[in-house]
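Quick note: the sequence shown uses the working numbering, first residue 133, plus one each step.
Positions of the beta carbon are idealized from the N, C-alpha and C atoms, including for glycine.
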Amino acid sequence: MIPRTFPSSPGWSPDGHRIKSEVDYSRGPEKTWVYGALRVRDGQEITMTASSRNSAFYQRFLQQVEEAIPAGDIYVITNNLSSHNSVSTRAWLEEHPRIHHGFIPVGACWLNLQEGWCRLFRKAALAGQSFAGPEEIETATRLATAQLNKRARPWIRGRPAPPTRHLRHRYTYIL
133 MIPRTFPSSP GWSPDGHRIK SEVDYSRGPE KTWVYGALRV RDGQEITMTA SSRNSAFYQR
193 FLQQVEEAIP AGDIYVITNN LSSHNSVSTR AWLEEHPRIH HGFIPVGACW LNLQEGWCRL
253 FRKAALAGQS FAGPEEIETA TRLATAQLNK RARPWIRGRP APPTRHLRHR YTYIL
């Protein structure tokens with residue numbers, strides 16, 4: 133240990149001990165949900181944060197997806213959450229014929245390629261973080277999405293084929 137010749141940082145008390153605070157494990161009244169859509173052909177992701185997981189926010193997210201993909205049909209594969217299949221969502225989808233809705237079977241989330249992207253997202257944006265409010269979660273979501281989209285590649289189900297092995301030259305020694 134080296135004696136300190138400079139003032140202690142704000143995270144430490146003047147006598148050199150770590151400042152302790154009460155641990156709060158409650159989620160509190162404010163929750164933030166992250167909606168995400170993966171474009172499989174190029175690996176780009178569209179994300180949106182919302183204060184609730186209801187039909188209104190889901191329809192707003194679908195509107196952002198439609199704006200991000202200006203041409204062609206859009207196929208949305210999703211789970212069986214009630215907001216994804218509500219009467220208002222079905223009415224909204226009838227007004228937007230480019231968006232085709234499909235559902236994965238119950239208990240088979242591994243079929244959705246979005247789940248793999250969410251694993252990368254949680255590691256990049258949320259792992260080890262402590263957020264003070266929804267604004268910080270929104271900022272972390274936006275930054276992590278931008279970083280992951282910079283190095284995006286097309287998503288392929290399964291593992292890639294192993295590289296072919298190049299045979300080395302055999303040398304024959306004649307005595």
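Taking Q196 and M180 to be in contact with their CB atoms under 8 Å, please state how far apart those CB atoms are, rounded to whole angstroms.
6 Å
Just curious, the beta strand (DSSP E) that G248 is in, first and last residue?
From DSSP, G248 is part of no beta strand (DSSP E) but of the alpha helix (DSSP H) over 246-253.
Counted within 10 angstroms of its Cβ, other Cβ atoms place W249 as buried (16 or more) or exposed:
buried
In the DSSP assignment, what are the bridge partners of W242?
According to DSSP, which records beta bridges pairwise, W242 is partnered with nothing at all.
Between the segment 252-260 and the segment 285-292, do three or more beta carbon pairs fall short of 8 Å?
no
With a 10 Å radius around its C-beta and 16 neighbouring C-beta atoms as the bar for buried, classify T277 as buried or exposed.
buried
Straight-line CA distance for F235 to A257?
27 Å
Span of the alpha helix (DSSP H), counted from its first residue to its last, around V208
Looking at the DSSP string, V208 is not in any alpha helix (DSSP H); the run it does join, the beta strand (DSSP E), is 206-210.
Excluding the five sequence neighbours on either side, which residues of its own chain have a C-beta within less than 7 Å of the C-beta of R241, listed in chain order?
Note on residue identity: the sequence assigns Cys, not Arg, to residue 241. Cβ within range, chain order: N211, E247.
Measure the CB-CB distance between L198 and I209 and report whether it falls below 8 Å.
Note on residue identity: the sequence assigns Glu, not Leu, to residue 198. No; because the gap between Cβ atoms is not below 8 Å, this pair is not in contact.
For L275, count neighbouring C-beta atoms within 10 Å of its own C-beta (all shown protein chains included) and say buried if the count is 16 or more, exposed if not.
exposed
Using a 10 Å radius around the Cβ and a threshold of 16 neighbouring Cβ atoms, would you call S184 buried or exposed?
exposed
How big is the Cα-Cα spacing for I201 and R173?
12 Å
Looking at E310: is its Cβ nearer than 8 Å to the Cβ of P266?
As displayed, the chain neither begins before 133 nor continues past 307, which places residue 310 out of reach and without an answer.
Local conformation of V166 per DSSP, three classes:
strand
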